[in-house]
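Numbering (the working numbering), first residue to last: 213 to 357.
Shown next, in structure tokens, is the structure this report addresses.
Put into structure tokens, the structure is as follows:
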């Protein structure tokens with residue numbers, strides 16, 4: 213039994229830690245969230261996972277720099293991909309070093325920044341992705357003026 217539990221823990225720690233393959237913007241949309249309650253998005257129809265998009269009323273390049281600073285101030289993270297209208301960041305939690313994938317889509321046509329963040333493993337994130345969104349959004353609004 214201990215052997216089986218050990219294998220499961222190793223698989224959960226390393227096997228499930230790889231980045232999702234379906235991230236990015238397709239036809240103006242970020243990927244849909246999984247059904248588990250461990251993520252939030254500004255483009256979901258699941259009300260319990262819905263967050264407001266951020267208002268993009270400054271130049272996109274300035275907004276992106278503020279978002280990058282917000283991520284830096286939040287804690288351990290790594291920018292994985294960046295383009296003119298997209299930012300993909302992996303946040304790494306403290307003790308267990310879980311990875312959460314966060315995406316920002318700078319939709320200049322609609323003047324909003326869409327957000328999606330989901331934990332790679334586990335069923336519940338204990339509200340961490342929503343708390344992170346709130347912290348990043350607060351930083352963004354304080355510093356964009």
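All C-beta atoms in this analysis are idealised placements derived from N, C-alpha and C, irrespective of residue type, glycine included.
- Spell out the partners DSSP gives residue 238 in its beta bridges. Within the chain shown, numbered from 1, the residue matching residue 238 stands at position 26. Answer is 241, bridged to residue 238.
- How about residue 332 and residue 317: are their beta carbons less than 9 angstroms apart? Walking along the chain shown from the start, residue 332 turns up at place 120. Walking along the chain shown from the start, residue 317 turns up at place 105. It is not a contact, given that the beta carbons lie outside the stated cut-off.
- Item | Every unbroken beta strand (DSSP E) within the segment 243 to 271, with a cutoff of 3 residues, ordered by chain | The beta strand (DSSP E) runs of length 3 or more contained entirely in the segment 243 to 271 are, from start to end of the chain, 251 to 253.
- Item | As assigned by DSSP and simplified to three states, the class of residue 336 | Position 124 of the chain shown, counting from 1, holds the residue named residue 336. The three-state reading of DSSP puts residue 336 in coil, since its state is none of H, G, I, E or B.
- Query: Per DSSP, what kind of secondary structure is residue 311 in: helix, strand or coil?
  - Reply: Taking the chain shown and counting its residues from 1, one reaches residue 311 at position 99. In the three-state reduction of the DSSP assignment, residue 311 falls in the strand class, which pools E and B.
- Query: To the nearest whole angstrom, what separates the beta carbons of residue 282 and residue 348, a pair I think is in contact under 8 angstroms?
  - Reply: Translated into positions along the chain shown, residue 282 becomes position 70. Translated into positions along the chain shown, residue 348 becomes position 136. About 5 angstroms; that satisfies the 8 angstroms criterion.
- Message: Out of 291, 296, 297 and 295, which one is the CA nearest neighbour of residue 304?
- Response: Locating residue 304 in the chain shown gives position 92, counting from the first residue. Measuring from the Cα of residue 304, the nearest candidate turns out to be 291.
- Item | Under 9 angstroms between C-beta atoms of residue 329 and residue 252 | The residue given as residue 329 occupies position 117 in the chain shown. The residue given as residue 252 occupies position 40 in the chain shown. Yes, the Cβ-Cβ distance between residue 329 and residue 252 is below 9 angstroms.
- Message: Here's a check: name, in chain order, each residue in its chain whose Cβ is nearer than 6 angstroms to the Cβ of residue 262, leaving out the five neighbours to either side.
- Response: Locating residue 262 in the chain shown gives position 50, counting from the first residue. Answer for residue 262: 256, listed in chain order.
- Message: So residue 232 and residue 313 are supposed to be a Cβ contact under 8 angstroms. How far apart are they, rounded?
- Response: Here the question's residue 232 lines up with position 20 in the chain shown. Here the question's residue 313 lines up with position 101 in the chain shown. The beta-carbon separation of residue 232 and residue 313, rounded to 6 angstroms, stays under the 8 angstroms limit for a contact.
- Query: In angstroms, rounded to a whole number, what distance separates the CA positions of residue 225 and residue 234?
  - Reply: Reading the chain shown from its first residue, position 13 is the one you call residue 225. Reading the chain shown from its first residue, position 22 is the one you call residue 234. Note that residue 225 has pLDDT 48, beneath the 50 cutoff, so the model's placement of it is unreliable and no number is given.
- Since I believe residue 345 is in contact with residue 279 (beta carbons under 8 angstroms), could you give me their beta-carbon distance rounded to a whole number of angstroms? As a working mapping, residue 279 is identified with position 67 in the chain shown. As a working mapping, residue 345 is identified with position 133 in the chain shown. So it is not a contact: roughly 12 angstroms between Cβ atoms.
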